[in-house]
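In this text, residue positions in the sequence shown follow the UniProt record's numbering: the first is 1, and each later residue adds one.
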Amino acid sequence: MPSDMVSKKPGFLRAFPDQLWYPTTTHTPEFLGLKRGSGLWRDVSYGKGVIIGVVDTGIYAQHPSFDDAGIPPPPSKWKGSCHGAARCNNKLIGAKFTSLFANDSGDDTGHGTHTSSTAAGNFVSGASVHGLGRGSAAGIAPGAHLAMYRVCTIHGCAVSDIVAGFDEAVKDGVDVLSVSLGPFFDVNFSEDPVSIGALSAVAKGIVVVAAAGNNGPKSFVANSAPWLLTVAAGSVDRSFETVVQLGNGNHINGEAFNQISNSSSKPFPLYLDKHCKSLTGRNVSGKIVICHNTGSMNETGSINKTDINAIMSAGAAGVVLINRKDAGFTTLLEDYAFSSRGPSSFSPGVLKPDVLAPGLNILAAWPPLTMFGSGPFNIRSGTSMSTPHVSGIAALVKSAHPDWSAAAIKSAILTTSDITDSTGDPILDEQHQRATAYAMGAGHVNATRAIDPGLVYDLSITEYAGFICALLGDQGLAIIVRNPRLSCKMLPKIPEGQLNYPTITVPLRTRPFTLNRTVTNVGQADSVYKLKLDVPKSLTVSVYPETLVFSKAGEKIPYTITVSSHGNEQEKFMEGSLSWVSGHYVVRSPIIAVVGLL
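Below is the structure:
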């Protein structure tokens, strides 16, 4: 339809040039403290009754991860359906495709099958990849229902198709939307149809969980709108270790998919090639080829699985791939770049990413045959994999608290997150340096604590609208809220620092800066919380009041925070934290003071 005809249709707000976005792509439930038959899983019935919508590349419906054993029928509110040849049941209750280039909701890349099973796959025994990671596989919310909205093909994901997928999911009645997709560039909220579609979902109470992107460790964070729960990717306490023994007796530790034992005492000669992109005319037969990745982790010329397969097809006995410098101590078992860093380009006063979750070498369901590998399981890495972990946790929280808003569920996940690893040490980045808030957000998700946070920082759609007014004015409001009659004159303008967000971002300056927050009691009716501050000596932070006294559940209490610096720091930003502590709860918010923030 010509653009001038579209612009004359009732309800027209703005037309966007279509763009392509891309998928940002057993042990992790246990790593997150989830155990079959006990604890949180048992207490919330594995997330039964909650519907997770997945906006992705489709789904291989016949996989045993989507069997409906033990899953009740969907709730009566469900309006969705299955299109094409998808096999639907009580587990997979919806499967639709919005891409004009897709004929059904099937998955020809594997990405959507992997993310869906990570979020809510049923229990499958005997799962492994090449014998690695053997055990029972399950999603984070194995009792929840799934609905797939295929918006991608092997060529990418058109923004118009993603928006159509969002709208279908909202109409169908999902509770959580998992979006493991992102652009290769940052997008202004008023020019980003995905942020617009997500706000409509949040307005309906749907938690929208989105990938921070795989452009790290230096490039921008994707999906940074405040109404999105933006997820970074981290490692877990499991690796697929292998050892290379050199002729001089030295051992080099690494990781590998193919761990075939070699009982021969005969040594293999080494063949060193810096890039390993073209070995035409070179004799590598019977040799172990050493390849060295150089440059950026998101460089298109980096060595990938296709290159390695070509080397092996040339007769090589094996391949040793040396990390890029910026990968540090991170070992990726395939060709994904890794977790993007904050701050947001368009709203640096709201901390992004929000939270960190497992995303390194994740084993999950896979179709029988794709150009990216064959099933029934595969191991992948990236924020595409960390995102469905948090989607599953959001479903578990929603199961326990069906009346909570999307913002309350996000707050519960952020304020209960961990800033230390499983040994009690600080979380480290890929260079083994202490991870900053721009790498991990509020911290690493803690599923068992998120279910009972004590206090939450709630936000209404009106407050998000006030934030949009302060940032983008009337035109931005009309486009993002999709209501041309709504005016900023009807709303208070809320600067980004004053948004009732569960993290706190302030300017790093000598002149004091004051902002406001309000917490809602969702824990014990009669409770007292005392302030605990952990900030650098060069920052002065005062909070009023320093004690919060609640007499009933649902009660709201505001407080103010004033931050200033001594003016002698050399850092671009400084970090600390503010916690409200009772006898039962610790409600923690990171504080980030940033040079140049208005």
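All residues carry an ideal CB built from backbone N, CA and C; glycine is no exception.
Option nearest residue i by Cα separation, candidates the options
i: Pro388; options: Asp43, Ile290, Leu531, Gly53; result: Gly53
i: Gly473; options: Val456, Tyr457, Pro495; result: Pro495
i: Thr562; options: Thr547, Gly523, Val50, Arg509; result: Arg509
i: Ser564; options: Ile409, Val541, Leu578, Met312; result: Val541
i: Leu228; options: Leu181, Val519, Leu597; result: Leu181
i: Leu272; options: Ala233, Thr230, Asn309, Ile322; result: Ile322
i: His155; options: Ile591, Ala102, Asp403, Cys82; result: Ala102
i: Met148; options: Ile162, Pro536, Gly135; result: Ile162
i: Leu34; options: Val151, Ile71, Arg449; result: Arg449
i: Leu92; options: Pro267, Ser340, Ala442, Thr113; result: Thr113
i: Asn223; options: Cys291, Cys469, Val187; result: Val187
i: residue 599; options: Ala119, Trp78, Asp67; result: It is not possible to answer for residue 599, since the shown part of the chain is limited to 1 through 598.
i: Thr503; options: Val543, Gly121, Lys352, Ala233; result: Lys352
i: Val535; options: Asn516, Thr518, Met574; result: Met574
i: Lys530; options: Val543, Ala437, Ser538, Leu539; result: Val543
i: Pro348; options: Ala437, Gly37, Gln475; result: Ala437
i: Ala364; options: Gly126, Asn89, His584, Ser45; result: Gly126
i: Lys572; options: Ser551, Leu597, Tyr46; result: Leu597
i: Asn215; options: Val231, Phe184, Thr230; result: Phe184
i: Arg134; options: Ile71, Leu270, Ile379; result: Ile379
i: Gln570; options: Ala164, Leu539, Pro402, Val350; result: Leu539
Per-residue burial, residue i [other beta carbons within 10 Å of its own, 16 or more giving buried]
i: Met440; result: buried
i: Leu369; result: exposed
i: Val50; result: buried
i: Ser116; result: buried
i: Lys556; result: exposed
i: Asp175; result: buried
i: Asn361; result: buried
i: Arg341; result: buried
i: Thr28; result: buried
i: Lys266; result: exposed
i: Asn483; result: exposed
i: Leu100; result: exposed
i: Thr98; result: buried
i: Leu356; result: buried
i: Pro217; result: buried
i: Ala435; result: buried
i: Pro73; result: exposed
i: Pro545; result: exposed
Short Cβ contact (7 Å threshold) for residue i with residue j
i: Asp107; j: Ile59; result: yes
i: Pro64; j: Val129; result: no
i: Ile413; j: Val207; result: no
i: Gly318; j: Ile290; result: no
i: Ser38; j: Phe220; result: no
i: Gly121; j: Ala138; result: yes
i: residue 600; j: Ala233; result: This structure does not reach residue 600, given that the chain is present from 1 up to 598, and the question cannot be answered.
i: Ala470; j: Lys493; result: yes
i: Ser577; j: Pro590; result: yes
i: Ala310; j: Val284; result: no
i: Thr505; j: Ile592; result: yes
i: residue 609; j: Arg36; result: No answer is possible for residue 609: it lies beyond the span of the chain, which begins at 1 and ends at 598.
i: Val44; j: Ala316; result: no
Sequence-distant residues of its chain with Cβ nearer than 6 Å to residue i (five each side left out)
i: Ser195; result: Phe189, Ala225
i: Pro512; result: Thr562, Ser564
i: Gly295; result: Only weak support exists for where Gly295 lies, its pLDDT of 47 falling under 50; the value from the coordinates is given anyway. Nothing listed; no residue qualifies.
i: Phe415; result: Reading off the sequence, residue 415 comes out as Thr, not Phe. Result list for Thr415: Pro453, Pro502, Val587, Arg588, in chain order.
i: Pro376; result: none
i: Cys152; result: Thr57
i: Val179; result: Val55, Ala210
i: Ser579; result: Lys532, Val586, Arg588
i: Leu515; result: Gly497, Gln498, Ile561
i: Gly443; result: Ser417, Asp418, Ile419
Proximal residues to residue i (C-beta, below 7 Å), its chain only, five neighbours per side dropped
i: Thr300; result: With a pLDDT of 44 at Thr300, under the threshold of 50, the modelled position of this residue cannot be trusted, and the question is left open.
i: Arg87; result: Ala61, Gln62
i: Ser405; result: Gly205, Asp458
i: Ala553; result: Asn521, Val522, Ala525
i: Ser582; result: Gly454, Ser527, Val528, Tyr529
i: Asp421; result: Ile427
i: Gly567; result: Thr510
i: Asn89; result: Asp68
Distance cut-off 6 Å: residue i Cβ against heavy atoms of the ligand HEM
i: Gln524; result: The ligand content of the structure shown is nil, which means the ligand HEM is not present either.
Counting beta carbon pairs with one atom in the region 193–213 and one in the region 382–400, are three or more of them shorter than 8 Å? yes
Could you tell me whether the region 189–209 touches the region 168–176, where touching means 3 or more Cβ pairs closer than 8 Å? Enough Cβ pairs lie closer than 8 Å, so yes.
Does the pairing of the region 454–468 with the region 509–524 give three or more beta-carbon distances under 8 Å? Yes, since at least three Cβ pairs between the region 454–468 and the region 509–524 fall closer than 8 Å, the two stretches touch.
Is the number of C-beta pairs between the region 135–151 and the region 391–405 that are closer than 8 Å three or more? yes
Are the region 457–468 and the region 489–508 touching, with three or more C-beta to C-beta distances below 8 Å? yes
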